[in-house]
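Report on the structure given below.
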């Protein structure tokens, strides 16, 4: 039985909380495990600053990175630079 610590996550997208939530829902429907990290919100809760307001990161487990990146690029093409 695997635990959460067994996963090696890689960042697939950074954007607004709304966009990340939407992409998270799409990826979960595809069976891709995700993690959301909001450094700004975490900093506020912890009583210190950190991160940028409105910039949330979405991570996926490494075996699904390529598929997740393709879905992210298709969903939000304006957020990706050419060749990224």
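Numbering (the working numbering), first residue to last: 713 to 796. C-beta: ideal position from N, C-alpha, C; glycine also.
Short Cβ contact (7 Å threshold) for residue i with residue j
i           : j           : result
residue 770 : residue 725 : yes
residue 772 : residue 780 : yes
residue 768 : residue 730 : no
residue 727 : residue 791 : yes
residue 833 : residue 739 : Examination of residue 833 is not possible in this model, given that the chain is present from 713 through 796 alone.
Boundaries (first-last residue) of the beta strand (DSSP E) holding residue i
i           : result
residue 783 : No beta strand (DSSP E) holds residue 783; the alpha helix (DSSP H) holding it covers 777 to 787.
Residue i - containing alpha helix (DSSP H), residue span
i           : result
residue 736 : 729 to 741
Residue environment, residue i, which counts as buried when at least 16 other CB atoms sit within 10 Å
i           : result
residue 746 : buried
Residues sharing a beta bridge with residue i, DSSP
i           : result
residue 748 : 770
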